[in-house]
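**Student:**
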Amino acid sequence: MKRISRIVCIATFATVLPAMAQAQEMKAEVLHWWTSGGEAAAVAEFAKAFNGAGGEWVDTAIAGGEQARAAGINRIVGGNPPTAMQFNTGAQFSEIVANGFLNPLEDIAEADHWRDVLPKALVDATTRDGKFYAVPVNIHGQNWLWYNIEALKKAGVEPPKSFDDILAAAPKLKEAGIIPLAHGGQNWQTQILFDAIVIAKAGQDIFNKVYGDVDTETLKTPEFRSAVETFAAMRELTDEGSPGRDWSQTTSLVITGKAAMQIMGDWAKGDFIAANLTIGKDYGCNVMPGGYVMGGDVFVFPKVEDAEQKAAQTKLAELMMSPDVQLAFNKKKGSVPSRIDLDVSSMDQCAQKGMKALNDPEQQVASISYIASPDLVGATRDVIGQFWSTPSMTTDEFIEKFASAMKSAT
Amino acid sequence: METVKASAGKPRFRNTAAAIALIPATVTVLVVYVGCMIWTIRLSFSSSKLLPVLDWIGVSQYTRLFLNERFLIATENILIFGVLFIAGCLLMGFLLAVFIDQQVRGEAVFRTIFLYPFSMSFIVTGLAWQWFLNPALGLQKLGRDLGFATFTFDWITNQEFVIYTIVIAAIWHGSGLVMCILLAGLRGVDESLWKAARVDGIPPWRYYLSIVLPLLGPMIITAVVLLAISVVRLYDLVVAMTHGGPGIASDVPAKFVMDHLFERNNVGLATAGATMMLISVAAVLAPWLYKTYIKPTRRAA
């Protein structure tokens, strides 16, 4: 009897083992930095889709973009890469491509017609030498105006549509005891404000020349000067608690009505939703003029030898670009799908506004991270932050410092 | 190894065993510390961006570094911070130690309270002080709510004074440690000295200043070395309190290096900054090393 059971046991293993190996071959370790509540829920949509397609998602979440990228890059260079890894869309991964560490995705992109469904600037930001090296999973708008409807009403002000409107509305808001513009004075937030103003006042061409072509002559144009002056005038609109404040603390000033407005990316939307505010009734969102400034995230696929790993990479890339998965992911993430051919009527009003803007090629503006090296982004960020917190600095001094920062970072 | 072989008799065996036991530590020191140092210095002469590249571009990273306003501000800040922080901690720590040494009731309670800040990480310290000093949330608001309408304390948002707020927070954090070290020293001072001083009619302040303080010399050096280490690695406190702001006004070299190493993908410039930090530490330590290790041996020889 014992012997029979042993035989049965072995027979069972013999049949089950290959099946288990079959299930293991689509194992994908994905490294990303989406650890906060909404972000983790969003990335779980990818995991669900991949597991549903017969794969096994292994989640490697590392808090903090810099830390996650440093860990991932070390593993790629050290020869033990994850199956897929997150980056911000743009120049961040250029050097890894140049050193031949990534698998090109051109075959999948061709087959699934990525070029037809992505904004051109996004295609440029994810291809190198005409080949796709990254899957763009979302587009984060960076130049949104968030406003508290109640606060604006109290001061008798219409929701602003431009930066001149914001400046014009400020005296009334101050009179009503409301902070006109909530701003978190950390340099990256100040750069978001500055870039939004440059695009609105000086236009996309000048913005692209400054950051994309690193053309210091452009800084001398009257349009750029006027943008700098508008930016400087915005200082008066903030409160004294502004320096160093986190963006979410700043957003909560708008949520509670202590402040009327904030310029921030669409990740701020999650905080309004979490505070149980209703869009259109309690708060509103407008894209600032000049275009929709696109940031976002991509996944790259490091070179792997293992054929099964390659299969997992292909499957992941396909899934991340598939319409259903993109919609499910972006609803939770707060961004809009990178495929602008999708029907977003099931998403919230702000996402619909954003998608509408993206469907007009004139409105598609690449953010600095798409077109400028991290070095250039950082060097200009220091100057912008310094100018913002030094009211005594003149426009000329700023332009001079900005030009030397541009030169030093090339 | 040659010298070990050359020595004779029993000591040779003992030395060999000791040498073998020390090999792992020696290798670690050589590979990890010295190796990384050399690697860092080498990279500071390269054009490395995201990944280390071993080309040679001369001193152009250093040229960029010294033309960089942010690095100059960071250097100035660390000097101000270093002097004020070490002096402040020693003074506060000494006063607290003397206070506790007066055989106060509930000594253990005070000792715990004074040492407590040191048990907190710099991140927590920084966040707490950031809230406390924020003009819209903390001290200034409290003053105004109490009826002092013109009370102003906005150093943390003021470019010129922000570095001093970091000094204050760091002194609050570090004084307790100095107190503990000095208190241990005070307890070692012979009771009879105090009695002799009383007999001679020497006032207490004079007793502490002229008799006790010189006896505490080694303790003070220990405290200064520990404090100096936290000056060089000052990073997390600044990140938590001000993010180096407003603008770039409270930046420090370690933050400059970290930002360029990771966020800005500029390994070349970051390692140049790190090398400058190493050189300045070496410059400060060299006289001390010379005095303690090199000069005595010469005199002995």
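Protein chains in written order, with my numbering: chain W, 1 to 410; chain X, 1001 to 1301.
The beta-carbon is built from N, C-alpha and C at its ideal position, and this holds for glycine as well.
#1: On the DSSP bridge list, what partners appear for X/D1154?
#2: Between the Cα of W/A232 and those of W/V210, W/K209 and W/I197, spot the shortest distance and give me the residue it belongs to.
#3: So, is the C-beta of X/G1188 closer than 9 Å to a C-beta in chain W?
#4: Report the three-state DSSP secondary structure of X/H1173 (helix, strand or coil).
#5: Should X/L1051 and W/V77 be called a contact, given that it needs their Cβ atoms to be closer than 9 Å?
#6: So, is the C-beta of X/T1040 closer than 9 Å to a C-beta in chain W?
#7: State the start and end residues of the unbroken beta strand (DSSP E) segment that holds W/P180.
#8: If you measure from the beta carbon of W/G241 to each beta carbon in chain C, is any gap under 9 Å?
#9: So with CB distances below 7 Å, who are the chain W contacts of X/H1173?
#10: Is W/E240 helix, strand or coil by DSSP?
#11: Starting from the C-beta of W/K332, find all residues in its chain whose C-beta is less than 7 Å away, skip the five residues before and the five after it, and write them out in chain order.
#12: Starting from W/T127, follow its DSSP beta bridges and name the residues at the other end.
#13: Answer with buried or exposed for X/V1031, where buried requires no fewer than 16 other C-beta atoms within 10 angstroms of its C-beta.
#14: What does the alpha-carbon distance come out to for the pair X/F1256 and X/I1156?
#15: Starting from W/T190, trace the alpha helix (DSSP H) both ways and give me its first and last residue.
#16: So, with DSSP's three-state summary, where would you put W/E397?
#17: List the whole-angstrom C-beta distance separating W/G296 from W/R245, where the pair is believed to meet the contact cut-off of C-beta under 8 Å.
#18: So, with DSSP's three-state summary, where would you put X/W1056?
#19: From X/A1196 to X/A1017, what distance separates their C-alpha atoms?
#20: Between the Cα of W/K303 and those of W/A134, W/A121 and W/N88, spot the shortest distance and give me the residue it belongs to.
#21: Would you call W/F398 buried or exposed, if buried means 16 or more other Cβ atoms sit within 10 Å of its Cβ?
#22: Just list the residues that DSSP pairs W/D59 with in beta bridges.
#23: Is there a C-beta anywhere in chain W that falls below 9 Å from the one on X/K1049?
#24: For W/P302, list the residues DSSP reports as bridge partners.
#25: Excluding the five sequence neighbours on either side, which residues of its own chain have a C-beta within less than 6 Å of the C-beta of W/M288, listed in chain order?
#26: Please look up how many angstroms separate the CB atoms of X/L1234 and X/F1081, rounded, as I've assumed it's under 8 Å.
#27: Given this structure, state the Cα-to-Cα distance separating W/S345 from W/K174, to the nearest angstrom.
#28: Find the nearest neighbour of X/I1038 within the set X/A1274, X/A1286, X/K1295 and X/T1292, judged by alpha-carbon distance.
#29: Answer with yes or no whether the minimum CB distance from W/P374 to chain X is below 9 Å.
#30: Looking at X/V1225: is its Cβ nearer than 9 Å to the Cβ of X/L1186?
#31: Of all the options W/A227, W/E305, W/S408 and W/K310, which has the alpha carbon lying nearest to the alpha carbon of W/D107?
#32: Is it buried or exposed for X/S1119, if we count other Cβ within 10 angstroms and need 16 for buried?
#33: On the premise that W/D112 lies in contact with W/E318, defined as a C-beta separation below 8 Å, what is that separation, rounded to the nearest angstrom?
#34: What residue range is occupied by the uninterrupted alpha helix (DSSP H) comprising W/W247?
#35: Who are W/H140's beta bridge partners in DSSP?
#36: Skipping 5 residues on each side, what residues in its chain have a beta carbon closer than 6 Å to that of X/G1138?
**Tutor:** The structure says:
#1: Residue 1154 of chain X sits at position 154 when you count from the first residue of the second sequence. Answer by DSSP bridge pairing: none, since X/D1154 is not bridged.
#2: Position 232 of the first sequence holds residue 232 of chain W. When only C-alpha atoms are compared, the closest one is W/I197.
#3: On the second sequence, residue 1188 of chain X is found 188 positions in, with the first residue counted as 1. Closer than 9 Å: no.
#4: For the purposes of this step, residue 1173 of chain X is identified with residue 173 of the second sequence, where counting begins at 1. Here X/H1173 sits in helix by DSSP.
#5: As a first step, residue 1051 of chain X is located in the second sequence; it is residue number 51 there, counting from the start. As a first step, residue 77 of chain W is located in the first sequence; it is residue number 77 there, counting from the start. Going by C-beta atoms, X/L1051 is nearer than 9 Å to W/V77.
#6: As a first step, residue 1040 of chain X is located in the second sequence; it is residue number 40 there, counting from the start. Chain W, which has no Cβ nearer than 9 Å to the Cβ of X/T1040, makes this no.
#7: Residue numbering aside, residue 180 of chain W sits at position 180 when the first sequence is read from its first letter. I179 to L181 is the span of the beta strand (DSSP E), which, as asked, contains W/P180.
#8: Protein chains W and X are contained in the structure displayed, whereas chain C is not.
#9: As a working note, residue 1173 of chain X is residue 173 in the second sequence. Neighbours of X/H1173 on chain W: none; closest Cβ ~19 Å, over 7 Å.
#10: Position 240 of the first sequence, counting from 1, holds the residue named residue 240 of chain W. The answer is coil: DSSP assigns W/E240 none of H, G, I, E or B.
#11: Working through the first sequence from its first residue, we reach residue 332 of chain W at position 332. Closer than 7 Å at the Cβ level, and outside the excluded window around W/K332, lie G38, A41, A42 and E45.
#12: Working through the first sequence from its first residue, we reach residue 127 of chain W at position 127. Looking at the DSSP assignment, W/T127 forms a beta bridge with W/F132.
#13: Position 31 of the second sequence holds residue 1031 of chain X. Exposed, since its Cβ has fewer than 16 Cβ neighbours within 10 Å.
#14: Counting from 1 along the second sequence, the entry for residue 1256 of chain X is found at position 256. Counting from 1 along the second sequence, the entry for residue 1156 of chain X is found at position 156. Spanning the two alpha carbons is a distance of roughly 20 Å.
#15: Against the first sequence, residue 190 of chain W aligns to sequence position 190. First-last of the alpha helix (DSSP H) with W/T190: N187 to K201.
#16: Here residue 397 of chain W refers to the residue found at position 397 of the first sequence. Of the three classes helix, strand and coil, the one that applies to W/E397 here is helix, per DSSP.
#17: As a working mapping, residue 296 of chain W is identified with position 296 in the first sequence. As a working mapping, residue 245 of chain W is identified with position 245 in the first sequence. So it is not a contact: roughly 25 Å between Cβ atoms.
#18: Counting from one through the second sequence, the residue named residue 1056 of chain X turns up at place 56. Coil.
#19: If you number the second sequence from 1, residue 1196 of chain X lands on position 196. If you number the second sequence from 1, residue 1017 of chain X lands on position 17. Cα to Cα, the separation comes out at about 51 Å.
#20: Your numbering for residue 303 of chain W matches position 303 in the first sequence. It is W/A134.
#21: On the first sequence, position 398 is the one that residue 398 of chain W refers to. Counting Cβ neighbours within 10 Å, W/F398 comes out buried, since at least 16 surround it.
#22: Sequence index remark: in the first sequence, residue 59 of chain W carries index 59 (1-based). According to DSSP, which records beta bridges pairwise, W/D59 is partnered with W/V30.
#23: Position 49 of the second sequence, counting from 1, holds the residue named residue 1049 of chain X. So, interface residue.
#24: Counting from 1 along the first sequence, the entry for residue 302 of chain W is found at position 302. Per DSSP, W/L102.
#25: Walking along the first sequence from the start, residue 288 of chain W turns up at place 288. Result list for W/M288: N143, L145, A196 and A200, in chain order.
#26: Counting from one through the second sequence, the residue named residue 1234 of chain X turns up at place 234. Counting from one through the second sequence, the residue named residue 1081 of chain X turns up at place 81. Yes, X/L1234 and X/F1081 are in contact; Cβ-Cβ is about 6 Å, under 8 Å.
#27: Position 345 of the first sequence, counted from the first residue, corresponds to residue 345 of chain W. Position 174 of the first sequence, counted from the first residue, corresponds to residue 174 of chain W. If you take the alpha carbons of W/S345 and W/K174, they lie about 38 Å apart.
#28: Your numbering for residue 1038 of chain X matches position 38 in the second sequence. Measuring from the Cα of X/I1038, the nearest candidate turns out to be X/A1274.
#29: Here residue 374 of chain W refers to the residue found at position 374 of the first sequence. W/P374 counts as touching chain X.
#30: As a working note, residue 1225 of chain X is residue 225 in the second sequence. As a working note, residue 1186 of chain X is residue 186 in the second sequence. Not closer than 9 Å, so no.
#31: The residue labelled residue 107 of chain W in the question sits at position 107 within the first sequence. Ranking the options by Cα distance to W/D107, first place goes to W/K310.
#32: As a working note, residue 1119 of chain X is residue 119 in the second sequence. By the neighbour-count rule (16 or more Cβ atoms within 10 Å), X/S1119 is not buried but exposed.
#33: If you number the first sequence from 1, residue 318 of chain W lands on position 318. If you number the first sequence from 1, residue 112 of chain W lands on position 112. Their Cβ separation, rounded to whole angstroms, is 7 Å, which keeps W/E318 and W/D112 in contact under 8 Å.
#34: Residue mapping note: residue 247 of chain W aligns to position 247 of the first sequence, counting from 1. From DSSP, the alpha helix (DSSP H) with W/W247 extends over W247 to I255.
#35: Your numbering for residue 140 of chain W matches position 140 in the first sequence. Answer is W/G295.
#36: As a first step, residue 1138 of chain X must be located in the second sequence, where it is residue number 138. The residues are W1131 and F1132.
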